[in-house]
DNA sequence: AATGTTCGCAACCGCTTCCGG
DNA sequence: GCCGGAAGCGGTTGCGAACAT
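Residue numbers (the UniProt record's numbering): 1 to 272.
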């Protein structure tokens, strides 16, 4: 789809950004001028101190908005354009492993942002899985597997309803492997994975991680707001090599049924 | 051509976690 | 250990373009 310039998206509203900052904080789509101001400010002072950055940059935006704009749009290393087949494949694998931990998934896809991956998942991949009779949340066969496609609004609503209490019901079919449940209700970041996750690794071709507890408690992960900090045992290299193995590990590929259709997409052998 | 619907994505919101005092 | 501010995350919404009728 031909996308309009971002600055033309969303109505540019001015106003209520909450008590205390209601004055004249601008909201809505960013203008090229604002982008320029923000880019210059970050180039000059670096990322961080988002709270005070907009004032120093001469922007009538809240720091949160500035940070989001920079992270999701202005950063020079952002890769734009369609998600490639191998990227999609990796997203599927990582989501199966990690669940909706978009920032963590994005961390394995250079140039892609968590927001982009989240959007892509919600608008493409989840529907693709549903169409194949797979529950996109658990990566297990849907009960009845009566794939029905509705608008993404309906999908979002259904997903929201399904996870409203943040304690999704156990799937009727015991999953061979399922993403770890959130450690905390509604916890978005830093949700610990813990023992269940470690257990899940067993039989997954990564038994070496068994006994590490949470295999992904690497400092860099924590630094990115990743998993819990209870067990910083596995270092960055180990964590990275494990995730890298997702793309190469034959056993994992077997597990996921890494057989491609003629169109390059995975067929449903195994799971996809 | 007009109208309605679907889609894609940027941005906002509320919450959690981190961190320094 | 406690508290408050800052940063980061995932869920959700709003809006215009594309598509269908």
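A virtual CB, placed ideally from N, CA and C, is assigned to each residue, including glycine.
Integer Cβ distance of residue i from residue j, believed to fall under 8 Å
i: residue 58; j: residue 90; result: In fact, because the Cβ distance is near 40 Å, the residues do not count as touching under 8 Å.
i: residue 279; j: residue 102; result: Outside the displayed range of the chain (1 to 272) lies residue 279, so it cannot be described from this structure.
i: residue 53; j: residue 63; result: 6 Å
i: residue 285; j: residue 78; result: Because residue 285 is not part of the residues shown, which for the chain are 1 to 272, the question remains open.
i: residue 41; j: residue 51; result: Actually they do not touch by this definition, with Cβ atoms about 13 Å apart.
Beta-carbon proximity of residue i to residue j, cut-off 8 Å
i: residue 30; j: residue 80; result: no
i: residue 121; j: residue 95; result: yes
i: residue 61; j: residue 26; result: yes
i: residue 134; j: residue 141; result: yes
i: residue 125; j: residue 92; result: yes
Delimiting residues of the alpha helix (DSSP H) encompassing residue i
i: residue 82; result: Element bounds for residue 82: n/a, residue is neither H nor E.
i: residue 41; result: 32-45
i: residue 57; result: 53-57
i: residue 69; result: 63-69
i: residue 115; result: 114-120
i: residue 104; result: 102-106
Bridge partners - residue i, DSSP secondary structure assignment
i: residue 286; result: What is shown of the chain runs 1 to 272, which leaves residue 286 out entirely.
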